[in-house]
Amino acid sequence: MNKKHIVFILIFTMIFSIAGTYVSAFDVDMESAILIEAETGQVLFEKNADRELPPASMTKIMPLLIAMEKLEEGAISLDDKVTISRYAASMGGSQIFLAANTQVELEKLLKAVTIASGNDASVAIGEYIAGTYSNFIAMMNHRAEELGMENTNFSNSTGLPDPNNYSTARDIAIMSRELAKYPLVLQWGSIWTENIQLPGREAMLVNTNRLINVYPSMDGLKTGHTREAGFCLSATAQKGNTRLISVVMQGDTLAQREDNTIRLLDYGFNAFSKREVATAGDQIQNIPVNQSANQVAAGEIEESFYVMVQKGSERDITQEIKIDDNLEAPLLKGDRIGRLVVYRGENEIGSVNILASEDIDRANIFVRLWRSVFN
3 MNKKHIVFIL IFTMIFSIAG TYVSAFDVDM ESAILIEAET GQVLFEKNAD RELPPASMTK
63 IMPLLIAMEK LEEGAISLDD KVTISRYAAS MGGSQIFLAA NTQVELEKLL KAVTIASGND
123 ASVAIGEYIA GTYSNFIAMM NHRAEELGME NTNFSNSTGL PDPNNYSTAR DIAIMSRELA
183 KYPLVLQWGS IWTENIQLPG REAMLVNTNR LINVYPSMDG LKTGHTREAG FCLSATAQKG
243 NTRLISVVMQ GDTLAQREDN TIRLLDYGFN AFSKREVATA GDQIQNIPVN QSANQVAAGE
303 IEESFYVMVQ KGSERDITQE IKIDDNLEAP LLKGDRIGRL VVYRGENEIG SVNILASEDI
363 DRANIFVRLW RSVFN
């Protein structure tokens, strides 16, 4: 093949199909639901996933996420002593009855939110991180915007009824996917009961998610229930190298919430398998680079890229190499020069970056002048 040319589109037929949103007879008996694969973010099932609904205590996924990110940054520590304000102590609903003007370790508060869905603990965490509760609500909404949660607004950190506190199954799945990256949260979410020592007394935390005792490999994530929201649950479980996240909203009963969560996860694990489409370091040759000495360069796949494949389906997959606009030398090894994009039909499933395999030098002035005249 003439090295001055490059095939931009690589098309091949594979005997499996890539999961976007599949049309099938499968359904769940919930007002709204979604099922995603955690690593890729691929949607395996959805039903009214963008309908704005009250999220109840699934709201607390965001305070937990912000806290874990602050811990990762080193801005706070699990051993930090958090002073409980009168406002935090006044929270109704699910709580661990924190006493105002006492101090409690941050780790105990995080466990209280993850395991027992403590409203008072979630407020205390927010006030500690942001200084004031209103600042923390603004922080929650800012993080939601960064994550692309387009149909969410937080007015509190508890999920207590408020018409201005709403979200969608898709948005909850987005923040659940981020939170599930933290093994410590999954460790806490797997605890059925635990006693913690509070000032002057001991408190028993009982997990609000009964499915951790029922569904193999479930290790989170957050339940929710109010009269307005009905019965809700963001759940996650892992089998092998596949972690799934399901969200169900506005169920009529606890049993309905649990049964449909099990149906969703079983569907995902049984109907799909995870396949590697591109391997980290795979070479892409003959990529044209303007003003470069050799006119073309080699790139490599940044990281291994996986897709969820629906078992028993036979469809075509296309891959397209998209070179970045106005790509011009000089470039350094590791600079992004394009993307490998995977499609199912006309729908983009996902993509992985292509990086320069080596430094790409700029052609000298004489070569550039020659090319401008004779090319």
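In this note's numbering, the protein residues as written are 3 to 377.
Backbone N, C-alpha and C fix where the C-beta goes; we use that ideal spot for every residue, glycine too.
Assign residue i to one of two classes, buried (16 or more other C-beta atoms within 10 Å of its C-beta) or exposed (fewer than that).
i       : result
Phe-307 : buried
Gln-44  : buried
Phe-99  : exposed
Val-291 : buried
Gln-199 : exposed
Gln-287 : exposed
Met-206 : exposed
Val-381 : The first residue shown for the chain is 3 and the last is 377, placing residue 381 beyond what the model contains.
Asp-221 : buried
Ala-51  : buried
Gln-405 : Summary: the structure shown does not reach residue 405, with the chain confined to residues 3 through 377, and so no result is reported for it.
Asn-262 : buried
Thr-134 : exposed
Leu-108 : buried
Asn-328 : exposed
Leu-334 : exposed
Lys-113 : buried
Gly-270 : buried
Glu-152 : exposed
Ser-136 : exposed
Arg-259 : buried
Gln-105 : exposed
Val-25  : Caution is warranted here: a pLDDT of 44 is assigned to Val-25, below 50, making its placement in the model unreliable, and no coordinate value can be reported.
Leu-256 : exposed
Thr-281 : exposed
Lys-224 : buried
Val-216 : exposed
Bridge partners of residue i, per DSSP?
i       : result
Thr-195 : Val-208
Val-343 : Glu-322, Ser-353
Thr-228 : Gly-232
Pro-290 : Val-298
Arg-203 : Leu-200
Gln-240 : Arg-245
Tyr-168 : Asn-155
Thr-85  : Gln-105
Met-251 : Ser-34
Ala-358 : Gly-301
Under 8 Å by Cβ, that's how I've got residue i and residue j pegged, so tell me the actual separation to the nearest angstrom.
i       : j       : result
Ala-126 : Val-84  : 5 Å
Ser-102 : Ser-87  : A small correction: the amino acid at residue 102 is Ala; Ser does not occupy that position in the sequence shown. Contact holds; Cβ gap of about 7 Å.
Ile-339 : Gly-314 : The pair is not a contact, with the Cβ atoms about 38 Å apart (cut-off 8 Å).
Thr-116 : Trp-190 : 4 Å
Val-298 : Arg-277 : That belief does not hold up - the Cβ atoms of Val-298 and Arg-277 are roughly 30 Å apart, past 8 Å.
Gly-253 : Ala-58  : About 11 Å separates the two Cβ atoms, so there is no contact after all.
Glu-41  : Arg-245 : 7 Å
Leu-37  : Ser-275 : At roughly 15 Å, the Cβ-Cβ gap does not stay under 8 Å, so Leu-37 and Ser-275 are not in contact.
Glu-33  : Met-177 : Not confirmed; about 20 Å, so no contact.
Glu-159 : Phe-138 : Reading the sequence as shown, one finds Ser at residue 159 and not Glu. The Cβ separation is near 6 Å, so the contact holds.
Ile-303 : Val-354 : 6 Å
Leu-181 : Leu-66  : 6 Å
So, with DSSP's three-state summary, where would you put residue i?
i       : result
Met-64  : helix
Glu-39  : strand
Ile-98  : coil
Arg-53  : coil
Asn-328 : coil
Glu-278 : strand
Asp-284 : coil
Gln-44  : coil
Ala-69  : helix
Tyr-24  : Residue confidence for Tyr-24 is low, a pLDDT of 45 falling below 50, so the modelled location carries little weight and cannot support an answer.
Ile-264 : helix
Ser-306 : coil
Asp-221 : strand
Ala-91  : helix
Ser-34  : strand
Glu-316 : Residue placement at Glu-316 is flagged as unreliable, the pLDDT there being 45, under the threshold of 50; a coordinate-derived value is accordingly withheld.
Leu-334 : coil
Ile-78  : coil
Val-187 : helix
Asp-29  : coil
Glu-404 : The structure shown does not extend to residue 404, since the chain spans only 3 to 377, so no value can be given for it.
Ala-58  : helix
Ala-175 : helix
Ala-257 : helix
Taking 7 Å as the cut-off, is the CB of residue i close to at least one heavy atom of the ligand SAH?
i      : result
Gly-43 : Looking at this structure, you won't find the ligand SAH or any other ligand, since it has none at all.
With a threshold of 8 Å between beta-carbons, can residue i be considered close to chain D, or not?
i      : result
Glu-41 : You won't find chain D in this structure, because it holds only one protein chain.
May I have a chain-ordered list of the beta strand (DSSP E) segments no shorter than 3 residues that lie completely inside the region 102-165? 105-107
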